[in-house]
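Only one structure is covered here, and it is reproduced in the block below.
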Amino acid sequence: MSRYSFWKMPNRRFATGEVVMGRWPGSVLYYEVQITSYNDLTHLYTVQYKDGTELELRESDIRSVSSFKPRKSNSSSSSPSRRSGSRSRSRSPGRSAKGKRRSSSQSRESRDEKKKTVRETNLTLLKLNENNTRRYNGEPDSTERNDTSYKILQQKVESELEIGHVLDQYTLHPRRQKKKEEIFLEERVFETAKTTEKVSTETKELEFGGRIGAFCMIFFLPAIIFYLLLMCKQEDPSVMNFPPLPGFNSLWETRVFGVFLLWFFLQALFSLLPVGKVVEGMPLLNGRRLQYRINGFYAFVLTAAAVGNSLYFEIELHYLYDHFLQFAVSAAIFSVLLSIYLYARSLKAPKEELSPGGNSGNFVYDFFIGRELNPRIGNFDLKYFCEMRPGLIGWVVINLAMLLAEMKVQDRNVPSLSMILVNSFQLLYVVDALWNEEAILTTMDITHDGFGFMLAFGDLVWIPFVYSLQAFYLVNHPSEISWPIASAIIILNIFGYYIFRGANSQKNAFRRNPNDPKLAHLKCIPTAAGKSLLVTGWWGLVRHPNYLGDIMMALAWSLPCGFNHILPYFYVIYFTCLLIHREARDEHQCKKKYGLAWERYCQRVPYRIFPYIY
1 MSRYSFWKMP NRRFATGEVV MGRWPGSVLY YEVQITSYND LTHLYTVQYK
51 DGTELELRES DIRSVSSFKP RKSNSSSSSP SRRSGSRSRS RSPGRSAKGK
101 RRSSSQSRES RDEKKKTVRE TNLTLLKLNE NNTRRYNGEP DSTERNDTSY
151 KILQQKVESE LEIGHVLDQY TLHPRRQKKK EEIFLEERVF ETAKTTEKVS
201 TETKELEFGG RIGAFCMIFF LPAIIFYLLL MCKQEDPSVM NFPPLPGFNS
251 LWETRVFGVF LLWFFLQALF SLLPVGKVVE GMPLLNGRRL QYRINGFYAF
301 VLTAAAVGNS LYFEIELHYL YDHFLQFAVS AAIFSVLLSI YLYARSLKAP
351 KEELSPGGNS GNFVYDFFIG RELNPRIGNF DLKYFCEMRP GLIGWVVINL
401 AMLLAEMKVQ DRNVPSLSMI LVNSFQLLYV VDALWNEEAI LTTMDITHDG
451 FGFMLAFGDL VWIPFVYSLQ AFYLVNHPSE ISWPIASAII ILNIFGYYIF
501 RGANSQKNAF RRNPNDPKLA HLKCIPTAAG KSLLVTGWWG LVRHPNYLGD
551 IMMALAWSLP CGFNHILPYF YVIYFTCLLI HREARDEHQC KKKYGLAWER
601 YCQRVPYRIF PYIY
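Numbers 1 to 614, taken from full-length UniProt numbering, label the letters of the sequence shown in order.
Below, the structure is given as structure tokens:
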């Protein structure tokens, strides 16, 4: 299960056609631009630079031309006699007034010409060197704010002071006023930031069918899981062959719930161990960056050691298969209780800590989406932990239990080739996710979606019990495949993984060091948000190459189950629909965030997920 701030400006300050100073994206330099239009929905100005470049800018990135001119001081340091009407302080007795006026006019023309040259030269350099702006992969994975932290505000101050220094070289204004102007300018910029850059976290656009859709999903998702698990137990798992409803004893056992709690808190303990590096997440609405300890792979190794130790002492993992439905019920109940706790604590959370997507004011919708963006108990981040640990690692443990159950149920000495392929493919996927755990900090789940029922149920129930469906299916429905077919499936999975990992690695490399010389060959489109959209490499093939690789791997996981029933293909069908929906969400957010730059990007990269198809 896997990106946004909504800026609310007080009033429109600049009119269409007005000439102002606009900040060039990704830099601290301002250039003369003309406002061509204004979008009331996104609160973005479309401006045109002198070289014809059109970009969308926020109001906070626009200044009036007069703000870059030094202000005259109200006080004077000259003596009263120098200010007397009997003597002019603008010229010496030996100079004529006519000559002075000519000199002043020439100086003013020279100064204007120099300022114009400075602006035009810098703008041309920025345009030609398109790789000096920050690159980005086109996904709205973060709520990074480019002008809220102290560092960025300081850059704005330095920008205006720098231009002030350039103008000061060509002005007759007394230099002793420069210090006062710098102090005033710094105060003005920070005051502007406080008054014009307030963020509204109130949700205005509802997703997933709105309130009615969220209400239905709360009941629909658990029903799907129980239907799938009951179907896998039947001899004939046809879609229309509905299984009988199980009794209460088949759904609940206190001991099973206790085992699930033990598993959850064991993974929580592993996540708190002081091993692994500590990294910073994306900037929050208040400018802060939360810290995360990256030790998921270490937790996986410790879990593997614990499971291996259990097998050595002959603790049967077959118990997990025998009570599989009860474990699913226990996980579902726990996710509901956790969701209630999360909603209750979000009522006391500050507004800047709420999710931009789960604060609609409607209980059902906010309970489903999640109100609080990063709920924490001390330094323990609940959403980040649930996203990667209990469900993802539990998925691998379930697969291993199903492999052992297949050997016992079918009286095999070794697992089937189909079961080995499914376990191997999905083990690679989980290990890759844990090894690259840091990459999840920029995904939509972490940066945009709040932590509510949707993610709690998805992380703790849907991932471990639906993603392991192929292995669960093979226990009672053996599928024998030949080595040539197995080889073709292996090639498909490897190719899908190659695309998936290559695209994600390229994306993460840009974010870590966009100026890496190894990436200089890639072309990009600059945006008004200070980032750039890649139009070459993996991200020039389709807009979401990682989704393409994901779908190819999902198909490879299902093919070993054969074609007798559609049930083991539920995952690839569901996952394809999920990623298409996710892509639609990305498309909507990117269009709103990047405006004209996104339209140009879509023209360069017309296909969304599948080349020449979609």
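We treat Cβ as the ideally placed atom computed from N, Cα and C, and that holds for glycine.
Buried/exposed call for residue i, threshold 16 Cβ in 10 Å
i: C577; result: exposed
i: N513; result: exposed
i: A344; result: exposed
i: E280; result: exposed
i: M419; result: buried
i: G85; result: Note that G85 has pLDDT 45, beneath the 50 cutoff, so the model's placement of it is unreliable and no number is given.
i: E235; result: exposed
i: residue 669; result: Residue 669 lies beyond the residue range present for the chain, which begins at 1 and ends at 614; the question has no answer from this structure.
i: H521; result: exposed
i: H581; result: exposed
i: W539; result: buried
i: I566; result: exposed
i: S37; result: exposed
i: P274; result: exposed
i: L55; result: buried
i: L269; result: exposed
i: A223; result: exposed
i: K180; result: Here K180 scores only 42 on pLDDT, less than 50, and its place in the model should not be relied on; the value that follows carries that caveat. The residue in question, K180, is exposed, as its Cβ has fewer than 16 Cβ neighbours within 10 Å.
i: K507; result: buried
i: T16; result: exposed
i: W462; result: buried
Among the options, nearest to residue i - alpha-carbon criterion
i: K348; options: C386, P375 and M402; result: P375
i: S271; options: G358, E59, F300 and H318; result: F300
i: F257; options: F324, T303 and L285; result: F324
i: R543; options: G308, E316 and E599; result: E599
i: L245; options: E253, L228, L261 and T254; result: L228
i: N504; options: I446, S310, E437 and Q410; result: E437
i: R13; options: V28, L29, Y31 and I35; result: I35
i: V475; options: Q426, M454, P415 and T536; result: P415
i: K591; options: P545, G17, L41 and A401; result: L41
i: R211; options: S346, N359, I609 and R255; result: N359
i: I333; options: S355, L273 and T254; result: T254
i: A597; options: S67, A305 and V47; result: V47
i: A328; options: T536, F457 and E480; result: F457
i: I551; options: R501, D449, K50 and L579; result: L579
i: C602; options: L548, W557, L533 and S558; result: L533
Helix, strand or coil at residue i [DSSP, three-state]
i: L228; result: helix
i: G394; result: helix
i: G247; result: coil
i: P350; result: coil
i: G296; result: helix
i: E599; result: helix
i: D411; result: coil
i: D381; result: strand
i: E372; result: strand
i: W435; result: helix
i: Y547; result: helix
i: T443; result: coil
i: Q234; result: coil
i: residue 625; result: Residue 625 falls outside the range modelled here, since the chain spans only 1 to 614, and no answer is possible.
i: G210; result: helix
i: residue 615; result: Outside the modelled stretch of the chain, which goes from 1 to 614, sits residue 615, for which no answer is possible.
i: A520; result: coil
i: S416; result: coil
i: E387; result: helix
i: I359; result: The residue asked about is misnamed: residue 359 is Asn in this sequence, not Ile. Coil at N359, not helix or strand.
i: F14; result: coil
i: residue 641; result: In the structure as shown, the chain begins at 1 and stops at 614. Residue 641 is therefore absent and cannot be evaluated.
i: I580; result: helix
i: E406; result: helix
i: N504; result: helix
i: W538; result: helix
For residue i: DSSP bridge partner residues
i: T46; result: S37 and E56
i: V20; result: V33
i: P526; result: S532
i: I499; result: In the DSSP output, where bridge partners are listed per residue, I499 has none listed.
i: I62; result: G22
i: R608; result: Paired residue(s): none; R608 is not in a bridge.
Cutoff 8 Å: residue i Cβ touching any chain D Cβ
i: D550; result: Here there is only one protein chain, and chain D is not present.
heavy atom of the ligand MG below 7 Å from residue i C-beta
i: L434; result: Of ligands this structure carries none, so the ligand MG is not represented either.
(request) Jot down the residue ranges of each uninterrupted alpha helix (DSSP H) in the stretch 445-482, minimum 4 residues, whole runs only, in chain order. (result) 453-457, 463-466 and 469-476
(request) Could I get the ranges of all uninterrupted alpha helix (DSSP H) runs contained in the stretch 262-341, with 4 residues as the minimum, in chain order? (result) 296-312 and 318-322
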